[in-house]
Amino acid sequence: MAETEFDYDLFVIGGGSGGVRAARVAAGEHGARVGLAEHDRYGGTCVIRGCVPKKLMVFASEYAHVVDEANAYGWDHKAGGFDWSAFRGKLHSELDRLEGVYRNLLKSSGVDTFDARATLKDAHTVALSGGETKTAKHILIATGGHPVRPDLPNADLGIVSDDIFHLDELPKSMLIIGGGYIACEFACIMNGLGVEVTQYYRGAQILRGFDDEARGLVAESMRENGVDLHLGTNIVEMSLAADHKDGPMPTASDAAMGASAQQRRDIPGKSGAKGSRKGPIWVKSTNGTEKVFDMVMFATGRDPSSREMGLEDIGVSIGRRGEVVVNEYSQTGVPSIYAIGDVTNRVNLTPVAIREGMAFVQTVFAAEPTPVDHELIASAIFTQPEMGTVGMSEEEARDKEEVEIYCTSFRPMQTAFAGKPNRVLMKLVVSKKDRTVLGCHIVAPHAGELIQLAGIAVKAKLTKEQFDATCAVHPTMSEELVTMRNPMRTA
Ligand code: FAD
């Protein structure tokens, strides 16, 4: 087919972070004729059921302690309750507004949008669920990922992260299964909102792959804040409590009575409401306990959304986890088809999907082959306390070379004054050979904001001496990053 005979220069499948960016830059800045299909809501995971609604829930949950702390500083504030339905209404209005912004961005860039599911017919043809077909010189798959439940009878009784923004009421008790960042973030959020949270993770420590000391402090702080975290523990059976053959078991709320339950009930906003859409759920776990929770949430992983799109039929390779296999330019084995973002399962974060989208446009529409640099990407985990991290963990670095570890953990001024036990951690992993800072790990309030800046220095491969040459900003928590004189150990 001659170039001019294609309906479009580019057809994008998926209107999330990566797809929208690629479509509007290709159309708006390079004058390409672009079509885009989205079968759900524009903005994708990040805007509709990921980063944005989650961060707004993080903010909501963090206000739980504000009254306590303000009163310790001499204020006389009274705690009121948390109104989930009022918050949820505002949350969804904001998501509607953002979806409108995404639609308008595409429209104003001249992108044709199709509210349809797309599949591939051949290397240049997309079939839309409405029955139309569209041809394009290039096709970009930006279909993201989706949460998966474990292969367990009755697993559909549990919710997944997509559902949590739509609850009619907050549950009184909740079991969260998983130890990744989504599980930990929602454990902290729901705990902050006054839900009695139990978390089971089958591994030895949460947040696998991150620095051991940093994740150790996050786990300890989560427990101190009231999350009933069980490691080396998994779910083995579940059913509706009403259907359970041996009759109702003690609820997690009953089991939590006593001093700690009393402390939890003082948290403003304790809803005490029923939350499960399907009724209380009986759960048997590998540690032998049987408990009933108002709600169970699986945060047990996400798979790339690549199935039933006809990809393999036209020669696009799919990996073991369902990821679309691409080269450094995000190109699949079929030269006209590219893939970016979570569907490629490289680094599953919004800014990375956006960068991959920009690099694709640069490669294809500006004729400048541009690989995406996946090294030294800073990221944050919005637990309470937050964790910010960039570069290698101590464990990863010491397997590669000899390193010096500069680390300090202390009670920060603001909460120590209010009598809180909270601790923070500042840690640098430094190459003994050339003094480069190989990794920086922060566990502290606003660690996400801090690591964005530390990430510049680590990405620029600055040395420990260059960190130290930077005069401290005092009094701050992060001044420790430039004042740690002696290594705590070599490893
Ligand atoms: P998506 O944003 O998922 O977009 C894919 C789009 O394709 C979707 O809208 C989908 O409906 C559509 N689609 C799928 N198949 C088809 C089809 N066949 N036809 C038409 N349309 C289709 N990242 C961060 O950086 N920071 C965070 O704090 C963070 N928090 C998160 C919290 C949660 C709970 C979750 C689930 C994710 C979070 N992420 C976070 C990850 C981030 O949301 C993703 O990495 C990012 O959205 C990936 O963008 P994408 O363009 O690859 O896919």
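Read in order, the letters of the sequence shown are residues 51 to 541 in our numbering.
Glycine included, each C-beta is placed from N, C-alpha and C at the ideal position.
The way I'd put it, the segment 336–351 does touch the segment 198–213; three or more beta-carbon pairs between them come closer than 8 Å. Distance between L475 and M534, taken at the CA atoms: about 12 Å. Of the heavy atoms belonging to the ligand FAD, none sits nearer than 7 Å to the Cβ of K470. Collapsing the DSSP output to three states places V493 in a strand. Taken in chain order, the unbroken stretches of alpha helix (DSSP H) that lie wholly in the segment 65–92 and span 4 residues or more are 67–80. In terms of CA proximity to N536, T458 leads the group M527, T458, V62. In this structure, G351 lies away from A430, with their beta-carbon atoms at least 8 Å apart.
A269 and E406 have their C-alpha atoms spaced approximately 33 Å apart.
The continuous alpha helix (DSSP H) containing S159 extends over residues 134–159. For T169 and G195, the gap between their C-alpha atoms comes out near 16 Å.
Of all C-beta pairs linking the segment 419–426 to the segment 376–383, three or more are shorter than 8 Å, placing the two stretches in contact. Boundaries for G282: no alpha helix (DSSP H) harbours it, and the DSSP string shows neither H nor E there. Take the alpha-carbon of G253 and the one of L281: they are about 6 Å apart. Taking a contact to require three or more Cβ pairs closer than 8 Å, the segment 225–238 and the segment 381–394 do not qualify as touching. Non-local C-beta neighbours of D57 in its own chain, meaning closer than 6 Å and more than five positions away in sequence, comprise K184, T185, ordered along the chain. Cβ contact annotation for G230 (same chain, cutoff 6 Å, sequence separation greater than five): none.
When C-alpha distances from F460 are compared across F260, K450, N472, D449, the shortest belongs to N472. In the DSSP secondary-structure assignment, M437 is bridged to I431, V493. Inter-residue distance for C521 and K334 is about 55 Å (C-alpha atoms, whole angstroms). With 16 or more other Cβ atoms from the protein chains shown falling within 10 Å of its own Cβ, T400 counts as buried.
With 16 or more neighbouring CB atoms inside 10 Å of its own CB, V176 falls in the buried class. Distance from the C-beta of A497 to the nearest heavy atom of the ligand FAD is not below 7 Å. Here the alpha carbon of F61 sits roughly 11 Å from the alpha carbon of A173. In this chain, the beta strand (DSSP E) harbouring F460 covers 453–460. Taking 7 Å as the cut-off, the C-beta of H89 counts as close to a heavy atom of the ligand FAD.
Setting aside the 5 residues that flank it on each side, V247 is surrounded in the same chain by M224, A237, M240, N241, V277, each with a C-beta closer than 6 Å to its C-beta; the list follows chain order.
For M534, the three-state secondary structure derived from DSSP is coil.
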